[in-house]
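Protein chains in written order, with the UniProt record's numbering: chain A, 1 to 246; chain B, 1 to 246.
Number of protein chains: 2
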Amino acid sequence: MNGSGTAPAVPRPAYRRLSVEQRRSQLLAAALGLFAQRAPEDVSLDDVATAAEVSRPLVYRYFPGGKQQLYEAALRSAADELEQCFAEPESGPLTQRLGHALDRYLSFVDQHDAGFSALLQGGSVVETSRTTAIVDEVRRAAAQQILRHLGEPEPSPRLRTTVRMWITAVEAASLIWLDEDKRPTLDELRDWLVDHFVALLTATAARDPQTARVMRAALKGEAPDGPAGELARRILPVVSEAAHLL
Amino acid sequence: MNGSGTAPAVPRPAYRRLSVEQRRSQLLAAALGLFAQRAPEDVSLDDVATAAEVSRPLVYRYFPGGKQQLYEAALRSAADELEQCFAEPESGPLTQRLGHALDRYLSFVDQHDAGFSALLQGGSVVETSRTTAIVDEVRRAAAQQILRHLGEPEPSPRLRTTVRMWITAVEAASLIWLDEDKRPTLDELRDWLVDHFVALLTATAARDPQTARVMRAALKGEAPDGPAGELARRILPVVSEAAHLL
């Protein structure tokens, strides 16, 4: 409307120039936002173009393979982000480190919501052996991080299996949590999952010498006012019924 | 070669007359046998016809929807069989009942092998929202049976979630077990999974009054020479390191 002026034109945001990498990230972020709200089969490339405020041909230029390629790229990007969640310095009580990693993981779950559910629940039209492989890679990365913190790069089969079982159980709990309107609170869920980790490892320690060694070392590093201490004190009245078993 | 005799003809097994239901069961059994050995995408209707010693048109007559229909019918049949595994009388210590159900479940896993893995690992070409729904139904049936044995038809969210987490962890352990040439033995795996059940419920009991009530009642029914007693005695030396936490 003011086209006769001499002032430099202010670029409109929708047409701002982005590098290839920036544009790709922008499209992936828009896609992840949509996948967080609805099932992958209900997200079209048109929707992504609208959400990112770009033209449909531009989306196709970046993802010539269509929705499947976009979905896999978005998944890849989410997987990378998720793997970052597991990085944690090797200091402090083990339950505290696990709690920090779970905080980041559960925030990711909270943020990606429907996309996280669709991915893990299976049966989606966009699920392929490639998407399954990406998810498995994230699980493996999580297991490796935990074993590193446990100080066992060469874990016994039982220790390794226990860690993988707990990771699967955490996924199940996350899906149920999303399904039940995110109750209990994220903090309560985190504390509970840490308790489960301690309980599973303790049970495995009863049958596996390596796990027993790991647990003894880990328990020494725990503080009385930390999660392991609280768990121990809360469990005592329950297991006092089991005195006849000893 | 002896066609001129007057003795009644002995029917050849491949052409014996079966009722529709018997024939259908025979084809499903043949299909399940093949799915146990290789991935669903590597099983053709020809293979099923060969394995069942019938003609290909006959397989198509029973499953006009082709492989997808056959796979879903085989899955349905396996799911029914699996749900039978969970039926257990409500008497005796809880860990014993759980052990019996796990014995049957793990025998099923042992027997169906590759088919079980393919089904649960996802990303298969025959996986659809319908197959996912069948698997979820089995999980729900397992959870209901367990809650019935715990005497809690109206479980608290935490109790229900814990049971579902354990079921998921059992599935994960089963897949790892198949992947690791079925080691440890089925009996050792069963005992270990029972231990994990006791440990998870005990951890949840620390934060959930209903679960605490269930656990107290269950522990009273356990025998000193049973799984819970053995677990308690084996755990003691490990948690003795945690005295500073109390």
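From the three backbone atoms N, C-alpha and C, an ideal C-beta is built for every residue, glycine too. This structure is a prediction, so every number in the text was calculated from the model and none was measured.
{"Query": "Chain B contact for isoleucine 146/A (CB, 8 Å cutoff)", "Result": "no"}
{"Query": "Proximity of valine 126/B and proline 40/B at Cβ, strictly below 8 Å", "Result": "yes"}
{"Query": "Anticipated Cβ contact below 8 Å, leucine 45/A with tyrosine 62/A, distance rounded", "Result": "Not confirmed; about 10 Å, so no contact."}
{"Query": "Residues within the stretch 75 to 87 of chain A neighbouring chain B, beta-carbon criterion of under 8 Å", "Result": "none"}
{"Query": "Local Cβ density within 10 Å of serine 174/B, reported as buried at 16 or more and exposed below that", "Result": "buried"}
{"Query": "Any 3 or more C-beta pairs closer than 8 Å across the stretch 237 to 245 of chain A and the stretch 26 to 39 of chain B", "Result": "no"}
{"Query": "Beta carbon proximity, isoleucine 134/B to chain A, threshold 8 Å", "Result": "no"}
{"Query": "Cβ neighbour criterion (16 or more within 10 Å) applied to leucine 246/A", "Result": "exposed"}
{"Query": "Contacts that glutamine 180/A makes with chain B (C-beta to C-beta distance below 9 Å)", "Result": "Just to set this straight, residue 180/A is glutamate in the shown sequence, not glutamine. Near glutamate 180/A (Cβ distances below 9 Å), the residues of chain B are Pro157, Thr161."}
{"Query": "C-beta atoms of leucine 189/A and tryptophan 177/A nearer than 8 Å", "Result": "yes"}
{"Query": "Proximity test, Cβ basis, 8 Å: alanine 242/A and chain B", "Result": "yes"}
{"Query": "Contacting residues, own chain, Cβ-Cβ under 8 Å from alanine 223/A (five flanking each side not counted)", "Result": "Pro93, Gly229"}
{"Query": "Contacting residues, own chain, Cβ-Cβ under 6 Å from glycine 150/A (five flanking each side not counted)", "Result": "Here residue 150/A is leucine; the residue named in the question, glycine, does not match the sequence. Answer for leucine 150/A: Val214, listed in chain order."}
{"Query": "Segment contact, 8 Å Cβ cut-off, at least three pairs: the stretch 137 to 148 of chain A with the stretch 107 to 123 of chain A", "Result": "no"}
{"Query": "Cβ neighbour criterion (16 or more within 10 Å) applied to arginine 183/B", "Result": "exposed"}
{"Query": "Cutoff 8 Å: glutamate 222/A Cβ touching any chain B Cβ", "Result": "yes"}
{"Query": "Top-ranked residue by Cα proximity to leucine 186/B, from Ala169/B, Pro89/B, Tyr105/B, Thr95/B", "Result": "Tyr105/B"}
{"Query": "Local conformation of arginine 164/A per DSSP, three classes", "Result": "helix"}
{"Query": "Under the three-state DSSP convention, the category alanine 39/B falls into", "Result": "coil"}
{"Query": "Extent of the continuous alpha helix (DSSP H) to which leucine 236/A belongs", "Result": "227 to 239"}
{"Query": "With 16 other Cβ atoms within 10 Å as the buried cut-off, status of arginine 164/B", "Result": "buried"}
{"Query": "Cβ-based burial, valine 20/B [other Cβ within 10 Å; buried from 16]", "Result": "exposed"}
{"Query": "Buried/exposed call for histidine 196/A, threshold 16 Cβ in 10 Å", "Result": "buried"}
{"Query": "Whole-Å CB distance - alanine 74/A paired with leucine 18/A, under 8 Å assumed", "Result": "Actually they are not in contact, since the Cβ atoms of alanine 74/A and leucine 18/A sit about 18 Å apart, beyond 8 Å."}
{"Query": "Proline 155/A - containing alpha helix (DSSP H), residue span", "Result": "Proline 155/A -> no alpha helix (DSSP H), and no H or E assigned at all."}
{"Query": "Neighbour-count burial assignment, glutamate 171/A, 16 or more Cβ in a 10 Å radius", "Result": "buried"}
{"Query": "Whether alanine 101/B touches glutamate 88/B by CB criterion (8 Å)", "Result": "yes"}
{"Query": "Under 8 Å between C-beta atoms of leucine 70/A and phenylalanine 108/A", "Result": "no"}
{"Query": "8 Å Cβ cutoff met for isoleucine 134/A and alanine 79/A", "Result": "yes"}
{"Query": "Where lysine 220/B falls, given that 16 or more other Cβ within 10 Å makes a residue buried", "Result": "exposed"}
{"Query": "Counted within 10 angstroms of its Cβ, other Cβ atoms place glycine 65/A as buried (16 or more) or exposed", "Result": "exposed"}
{"Query": "Contact with chain B by arginine 38/A, beta-carbon distance below 8 Å", "Result": "no"}
{"Query": "Residue range of the unbroken alpha helix (DSSP H) whose run includes proline 57/A", "Result": "56 to 62"}
{"Query": "Closest residue to threonine 168/A among Asp225/A, Leu120/A, Gln96/A (Cα-Cα distance)", "Result": "Leu120/A"}
{"Query": "Exposed unless 16 or more other CB atoms sit within 10 angstroms - verdict on proline 153/B", "Result": "exposed"}
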